[in-house]
Amino acid sequence: QQQVKQSPQSLIVQKGGISIINCAYENTAFDYFPWYQQFPGKGPALLIAIRPDVSEKKEGRFTISFNKSAKQFSLHIMDSQPGDSATYFCAARKSGTSYGKLTFGQGTILTVHP
Amino acid sequence: NAGVTQTPKFQVLKTGQSMTLQCAQDMNHEYMSWYRQDPGMGLRLIHYSVGAGITDQGEVPNGYNVSRSTTEDFPLRLLSAAPSQTSVYFCASRESLFGQPQHFGDGTRLSIL
Chain A
9 QQQVKQSPQS LIVQKGGISI INCAYENTAF DYFPWYQQFP GKGPALLIAI
59 RPDVSEKKEG RFTISFNKSA KQFSLHIMDS QPGDSATYFC AARKSGTSYG
109 KLTFGQGTIL TVHP
Chain B
10 NAGVTQTPKF QVLKTGQSMT LQCAQDMNHE YMSWYRQDPG MGLRLIHYSV
60 GAGITDQGEV PNGYNVSRST TEDFPLRLLS AAPSQTSVYF CASRESLFGQ
110 PQHFGDGTRL SIL
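So the protein lines, in turn, are chains A and B.
First residue of the first sequence? That's 9 in my numbering, and the numbers climb one at a time after it.
First residue of the second sequence? That's 10 in my numbering, and the numbers climb one at a time after it.
Pasting the structure below:
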């Protein structure tokens, strides 16, 4: 049972464009939604995270948009750069559990062409 | 300033062999965990530990054993490797049970023939 569904599986964007990755969840008990960035041969690294009491969080060129009623959240990368090429994972944590017990999406391979 | 160190980086095993994947962190973090990463599946939690001497099962624990004798080390053991355990394994640590962020190692790519 995939509780967090991520799309698309892969994404190709031109330099300077906007990259958008979407995630949908089913469990209304989720209360923490991080995004991880993973470069080839490396472990995932926390990129940005949001809680459901806000609808948007921005850190530099990265923005999370959260729609609680639709049970969806998305990552927007503005002015995408070749250095952003990586695999991105969304995740969700069930309320009352530790931050380590995350449910991950399937991942999106982002390629930014120069 | 090593962070989380995993060894080996690559390993090929035959079905039925045993092996230990090593994980060490130098940040004095209490919480450590093991994930496996498979194509199209994201990361799935195998086992975790909230401190020395304390471990618990994650989402996919079958076929794996762990122990935590020191704060620094959290090895993952495959007692009898199966082809279904072919995967990339990541170890992670963080300061406390509810602390962020989680620091990941660079992974061990394991193939079981």
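The C-beta atom is built at its ideal place from N, Cα and C for all residues, glycine as well.
Report yes if the CB atom of residue i is closer than 9 Å to the CB atom of residue j, and no otherwise.
i, j, result
"His56 (chain B)", "His112 (chain B)", "no"
"Gly51 (chain A)", "Val13 (chain B)", "yes"
"Phe74 (chain A)", "Leu52 (chain B)", "no"
"Tyr44 (chain B)", "Phe99 (chain B)", "yes"
"Leu127 (chain A)", "Ser18 (chain A)", "There is simply no residue 127 (chain A) to check, as chain A begins at 9 and stops at 122 in what is shown."
"Thr16 (chain B)", "Thr117 (chain B)", "yes"
"Leu119 (chain B)", "Leu54 (chain B)", "no"
"Thr95 (chain A)", "Ile117 (chain A)", "yes"
"Arg59 (chain A)", "Asp87 (chain A)", "no"
"Ala37 (chain A)", "Lys109 (chain A)", "no"
"Ser96 (chain B)", "Asp35 (chain B)", "no"
"Ala53 (chain A)", "Tyr44 (chain A)", "yes"
"Arg77 (chain B)", "Met41 (chain B)", "yes"
Between which two residues does the beta strand (DSSP E) holding residue i run?
i, result
"Val97 (chain B)", "Ser96 to Arg103"
"Asp47 (chain B)", "Tyr40 to Asp47"
"Gln34 (chain B)", "Met28 to Gln34"
"Asp92 (chain A)", "Run containing Asp92 (chain A): none; DSSP gives neither H nor E here."
"Phe74 (chain A)", "Phe70 to Asn75"
"Ala57 (chain A)", "Ala53 to Ile58"
"Val62 (chain A)", "No beta strand (DSSP E) holds Val62 (chain A); DSSP gives it neither H nor E."
"Phe112 (chain A)", "Leu110 to Phe112"
"Leu87 (chain B)", "Leu85 to Leu87"
"Gly51 (chain B)", "Gly51 to Gly60"
Less than 9 Å between CB atoms is the rule here; does residue i satisfy it with respect to chain A?
i, result
"Ala11 (chain B)", "no"
"Asp35 (chain B)", "no"
"Phe113 (chain B)", "yes"
"Gly72 (chain B)", "no"
"Pro17 (chain B)", "no"
"Pro110 (chain B)", "yes"
"Gly116 (chain B)", "yes"
Taking CB distances under 9 Å as the criterion, tell me whether residue i reaches chain E.
i, result
"Ala101 (chain B)", "Among the protein chains of the structure shown, namely A and B, there is no chain E."
Would residue i count as contacting chain B if we go by Cβ distances under 9 Å?
i, result
"Gln80 (chain A)", "no"
"Val12 (chain A)", "yes"
"Ala37 (chain A)", "no"
"Lys66 (chain A)", "no"
"Leu19 (chain A)", "no"
"Thr111 (chain A)", "yes"
"Leu54 (chain A)", "yes"
"Lys50 (chain A)", "yes"
"Ala99 (chain A)", "yes"
"Gln114 (chain A)", "yes"
Contact set between the segment 48-70 of chain B and chain A, restricted to residues whose Cβ is under 9 Å from the partner: Using a CB distance below 9 Å, the part of the segment 48-70 of chain B facing chain A consists of Pro48, Gly49, Met50, Gly51, Leu52, Arg53, Leu54, Tyr57, Val59, Gly67 and Glu68, ordered along the chain.
Every unbroken beta strand (DSSP E) within the segment 25-49 of chain A, with a cutoff of 3 residues, ordered by chain: Segments of the beta strand (DSSP E) lying fully in the segment 25-49 of chain A: 27-33 and 38-46.
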